[in-house]
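The block underneath contains the structure these notes are about, expressed in structure tokens.
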Amino acid sequence: MIRSLPRRHTPVGLDVSLAIVNIVLLLIFFFLATGQLLNPPTDGVEISETTELPLDQLPSPILIVRDNGNWELDGAPVAPDLLGVAVGGLERPLTLHILIGRDAPASSLLDIVNSDPLSDAEIKLVTLRRTVTP
Numbered sequence: 060m061i062r063s064l065p066r067r068h069t070p071v072g073l074d075v076s077l078a079i080v081n082i083v084l085l086l087i088f089f090f091l092a093t094g095q096l097l098n099p100p101t102d103g104v105e106i107s108e109t110t111e112l113p114l115d116q117l118p119s120p121i122l123i124v125r126d127n128g129n130w131e132l133d134g135a136p137v138a139p140d141l142l143g144v145a146v147g148g149l150e151r152p153l154t155l156h157i158l159i160g161r162d163a164p165a166s167s168l169l170d171i172v173n174s175d176p177l178s179d180a181e182i183k184l185v186t187l188r189r190t191v192t193p
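For the sequence shown, the numbering used here assigns the number 60 to the initial residue and increments by one for each residue that follows.
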């Protein structure tokens, strides 16, 4: 009689991928929940607002675009079509700071930035922070 040896039992390995997926999902839920608790939703986005400042506190050269359509370059009035003449006498390479109202349409800012006299200039936008006192 031939007797065979008992079958060898291979130990069943634990599949840890399900546990890892569960841990990752729990971490995602945790960060979503705590993020909303720590950062309550605000009523709206606060947009910067320009106010009057003494010219010596502003960077130079600065182009101030007023709400009424008037432009000033370093305090001197300049017509929009004469901007090329006004910036022609400034040092090169030109870094021009632009101060424009927050309610101004974006197209007017893009028109200024894309104008021919400023094609080789570096443009920096200037914003003024308004402090709210209760």
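Positions of the beta carbon are idealized from the N, C-alpha and C atoms, including for glycine.
Q: Since I believe Leu158 is in contact with Ile123 (beta carbons under 8 Å), could you give me their beta-carbon distance rounded to a whole number of angstroms?
A: Residue mapping note: residue 123 aligns to position 64 of the sequence shown, counting from 1. Residue mapping note: residue 158 aligns to position 99 of the sequence shown, counting from 1. Between Leu158 and Ile123 the Cβ distance is about 5 Å, and since that is below 8 Å, they are a contact.
Q | DSSP state of Thr186 mapped onto helix, strand, coil | A | What you label residue 186 is simply residue 127 of the sequence shown in a count that begins at 1. Coil at Thr186, not helix or strand.
Q) Based on the DSSP output, what are the partners of His156 in its beta bridges? A) The sequence position of residue 156 within the sequence shown is 97, counting from 1. Paired residues: Ile121 and Lys183.
Q. Between which two residues does the beta strand (DSSP E) containing Val144 stretch?
A. As a first step, residue 144 is located in the sequence shown; it is residue number 85 there, counting from the start. Element bounds for Val144: not the beta strand (DSSP E) but the alpha helix (DSSP H), Leu142 to Gly147.
Q.
Once the 5 residues before and after Leu132 are set aside, which same chain residues still bring their CB inside 6 Å of it?
A. Here residue 132 refers to the residue found at position 73 of the sequence shown. The residues are Leu122 and Ala145.
**Q.** Rounded straight-line distance, which links the Cα of Gly94 to that of Arg66
**A.** Here residue 66 refers to the residue found at position 7 when the sequence shown is read from its first residue. Here residue 94 refers to the residue found at position 35 when the sequence shown is read from its first residue. When rounded, the distance between both Cα atoms is 55 Å.
(Q) Let's see if you can read the secondary structure: which residues bound the alpha helix (DSSP H) around Val172? (A) The count along the sequence shown starts at 1 and reaches residue 172 at position 113. Here the alpha helix (DSSP H) through Val172 covers Ala165 to Val172.
Q.
Classify Asp79: buried if its beta carbon has 16 or more other beta carbons within 10 angstroms, exposed otherwise.
A. To locate residue 79, count along the sequence shown from 1; it is residue 20. The question names Asp, yet the displayed sequence has Ile at residue 79. Exposed is the call here.
Q. Would Ile82 be called buried (16 or more neighbouring beta carbons within 10 Å of its own) or exposed?
A. By one-based count along the sequence shown, residue 82 stands at place 23. That one is exposed.
Q: Report the rounded CA-to-CA distance for Asn129 versus Phe90, giving the unit in angstroms.
A: Against the sequence shown, residue 129 aligns to sequence position 70. Against the sequence shown, residue 90 aligns to sequence position 31. C-alpha of Asn129 to C-alpha of Phe90: approximately 50 Å in a straight line.
Q. Relative to the C-alpha of Ala165, which residue among Leu184, Leu64, Thr69 and Ser76 is closest?
A. By one-based count along the sequence shown, residue 165 stands at place 106. Cα-wise, what sits closest to Ala165 is Leu184.
Q: Would you grab the beta carbon distance between Leu149 and Pro176 for me? Rounded to a whole angstrom, and I think it's under 8 Å.
A: By 1-based counting over the sequence shown, the position of residue 149 is 90. By 1-based counting over the sequence shown, the position of residue 176 is 117. Their Cβ separation, rounded to whole angstroms, is 10 Å, which puts Leu149 and Pro176 out of contact at 8 Å.
Q. CB-CB under 6 Å to Asp179, same chain, minus the five flanking residues each way: which ones, in chain order?
A. Position 120 of the sequence shown, counted from the start, is the residue given in the question as residue 179. Answer for Asp179: no residue qualifies.
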